[in-house]
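Step one of this worksheet: look at the structure below.
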Ligand SMILES: [Zn+2]
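In UniProt numbering, the protein residues as written are 1 to 394.
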């Protein structure tokens, strides 16, 4: 299917090709919904993923920013997982060691609840300012707390006066639709300070389209980058791209870049992915049909046998699973280790979010975990409660 009306927000070419569409998906998968009625009647929008044959970028061409809400109700942190916390600490330490980030000024765009900025401050004795409309006071503690401050707002050119040696932006760019104007604004804010290091982390779209990781496609994620399209964005906006890496079992893609008056670095080998991304996107729908049918039969077979299935992980991946697979009526509960999510309800499908301890009485037969990287942590928690359900991962 072709539609020449769609302009790529990253390279401004026309003719993004729509390869995946989904109607009536919740537009806010992480906000806390107090009643089942509120959850079932949540606001919905459309996903129409377009692939740009010129730069390899993927955008939800149907995205409307005003349909998303990033507020105090937005509860996304993974910081309650020890697997994630260990990774976070390791990443902070590696960045500090690699770039000599000690007693520096750090600016974090989209800092969430501030855990990573605090780690950078603690481990490198740095000073930091974090921007996020969903930041919540009172959750952080530690010796470095006086070295960090937070602005409950989106980062924009209004804050260009905040100067930093290191600009960090994790798991945020995928939520921004006008990608080139966002990175260009950042470049303008940095100005002539060519020694500033910029670090971005996002989900790697290579894995999402290659493996048909449908759980990673949801409304708030309107922008999807591979190494090639991410590097082309930064270079096109006045940065030299120094490294591109994948992290967290290939789930995350990172870029390190420095501003330049004229971009001089030659493309890195891993940027040569345009043909592959094009191939993956064209076969996406067919592969997805098979994957969804497989999950549907897994959950339906369990239900027919009178067995109870729960999901583990109530964030965006679970919302995608429940609204895409089509078996939400056969799953009554979704487990989460984040206490701030307990007692709330899943958008659109209405399951109650419960703590792991709920399972001691409920005794599920099947647990579908939303991210395989947490398998060992979850299996250990289940074992500690004397439970031994079948555990399968997306
Ligand atoms: Zn493009």
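Here a beta-carbon is modelled for each residue, glycine too, at the ideal position from N, C-alpha and C.
Supposed contact pair residue j and residue i - C-beta distance, whole angstroms, cut 8 Å
{"i": "residue 130", "j": "residue 147", "result": "Actually they are not in contact, since the Cβ atoms of residue 130 and residue 147 sit about 12 Å apart, beyond 8 Å."}
{"i": "residue 339", "j": "residue 365", "result": "Not quite, the Cβ-Cβ distance comes to about 26 Å (not below 8 Å), so this is no contact."}
{"i": "residue 67", "j": "residue 93", "result": "With 8 Å as the limit, residue 67 and residue 93 do not qualify as a contact, their Cβ atoms being about 38 Å apart."}
{"i": "residue 57", "j": "residue 111", "result": "No, residue 57 and residue 111 are not in contact; Cβ-Cβ is about 25 Å, not under 8 Å."}
{"i": "residue 335", "j": "residue 356", "result": "6 Å"}
{"i": "residue 196", "j": "residue 165", "result": "6 Å"}
{"i": "residue 395", "j": "residue 80", "result": "Nothing about residue 395 can be reported from this structure: the residues present for the chain run from 1 to 394 only."}
{"i": "residue 347", "j": "residue 71", "result": "No, residue 347 and residue 71 are not in contact; Cβ-Cβ is about 15 Å, not under 8 Å."}
Where residue i sits in the DSSP three-state scheme
{"i": "residue 309", "result": "strand"}
{"i": "residue 139", "result": "coil"}
{"i": "residue 147", "result": "helix"}
{"i": "residue 81", "result": "coil"}
{"i": "residue 3", "result": "Because the pLDDT at residue 3 is just 47, under 50, the model does not fix this residue reliably, and the value given afterwards should be weighed accordingly. Residue 3: coil per DSSP, three-state reduction."}
{"i": "residue 9", "result": "coil"}
{"i": "residue 102", "result": "coil"}
{"i": "residue 390", "result": "strand"}
{"i": "residue 155", "result": "coil"}
{"i": "residue 96", "result": "helix"}
{"i": "residue 267", "result": "coil"}
{"i": "residue 128", "result": "strand"}
{"i": "residue 86", "result": "helix"}
{"i": "residue 385", "result": "coil"}
{"i": "residue 260", "result": "coil"}
{"i": "residue 117", "result": "helix"}
Member of the options whose CA lies at the smallest distance from the CA of residue i
{"i": "residue 203", "options": "161, 226, 334", "result": "226"}
{"i": "residue 345", "options": "23, 15, 35", "result": "35"}
{"i": "residue 27", "options": "81, 320, 330", "result": "320"}
{"i": "residue 268", "options": "257, 262, 261, 6", "result": "257"}
{"i": "residue 82", "options": "394, 391, 386, 375", "result": "375"}
{"i": "residue 60", "options": "126, 171, 37, 224", "result": "224"}
{"i": "residue 179", "options": "38, 74, 234", "result": "234"}
{"i": "residue 372", "options": "213, 9, 298", "result": "213"}
{"i": "residue 48", "options": "23, 140, 55, 384", "result": "23"}
{"i": "residue 247", "options": "84, 46, 33, 25", "result": "84"}
{"i": "residue 123", "options": "196, 140, 95", "result": "95"}
{"i": "residue 219", "options": "18, 33, 46", "result": "46"}
{"i": "residue 332", "options": "352, 341, 317, 347", "result": "352"}
{"i": "residue 342", "options": "108, 297, 31, 15", "result": "31"}
{"i": "residue 193", "options": "163, 69, 382", "result": "163"}
{"i": "residue 168", "options": "159, 120, 141, 142", "result": "120"}
{"i": "residue 33", "options": "377, 362, 350, 387", "result": "350"}
{"i": "residue 172", "options": "20, 383, 77", "result": "77"}
{"i": "residue 275", "options": "20, 54, 385", "result": "54"}
{"i": "residue 74", "options": "387, 198, 132, 261", "result": "132"}
{"i": "residue 152", "options": "50, 16, 136", "result": "136"}
{"i": "residue 125", "options": "138, 97, 299", "result": "97"}
{"i": "residue 158", "options": "181, 185, 177", "result": "185"}
{"i": "residue 9", "options": "176, 270, 217", "result": "176"}
{"i": "residue 134", "options": "18, 295, 69", "result": "69"}
{"i": "residue 285", "options": "145, 300, 19", "result": "19"}
{"i": "residue 221", "options": "394, 393, 62", "result": "62"}
{"i": "residue 360", "options": "385, 380, 354", "result": "385"}
Contact with chain D by residue i, beta-carbon distance below 8 Å
{"i": "residue 31", "result": "The structure shown has no chain D; it contains just one protein chain."}
Let me know the beta strand (DSSP E) ranges lying completely inside the stretch 161–249, each 3 residues or longer, listed in chain order. 166–170, 197–203, 239–247, all fully within the stretch 161–249.
Could you name each continuous alpha helix (DSSP H) segment of 4 residues or more that falls completely within the UniProt domain "C-methyltransferase" (277–382), going from the start of the chain to the end? For the UniProt domain "C-methyltransferase" (277–382), whole alpha helix (DSSP H) runs of length 4 or above, ordered along the chain, are 316–325, 359–362.
Completely contained alpha helix (DSSP H) runs for the stretch 15–79, where each covers 4 or more residues: 36–40
Does the stretch 113–121 come into contact with the stretch 85–93, if we say contact requires no fewer than three beta-carbon pairs (one atom in each stretch) closer than 8 Å? yes
How about the stretch 366–378 and the stretch 307–315: do they share at least three Cβ pairs that are nearer than 8 Å? The stretch 366–378 and the stretch 307–315 touch, with no fewer than 3 CB-CB distances between them shorter than 8 Å.
Does the pairing of the stretch 199–213 with the stretch 279–293 give three or more beta-carbon distances under 8 Å? yes
If we count Cβ pairs, one from each stretch, closer than 8 Å, do we get three or more for the stretch 285–304 versus the stretch 227–239? Contact between the stretch 285–304 and the stretch 227–239 is absent, because fewer than three Cβ pairs lie under 8 Å.
So, do the stretch 239–255 and the stretch 186–205 have three or more beta carbon pairs nearer to each other than 8 Å? yes
Examine the Cβ distances between the stretch 240–247 and the stretch 184–191 and report whether three or more of them are shorter than 8 Å. no
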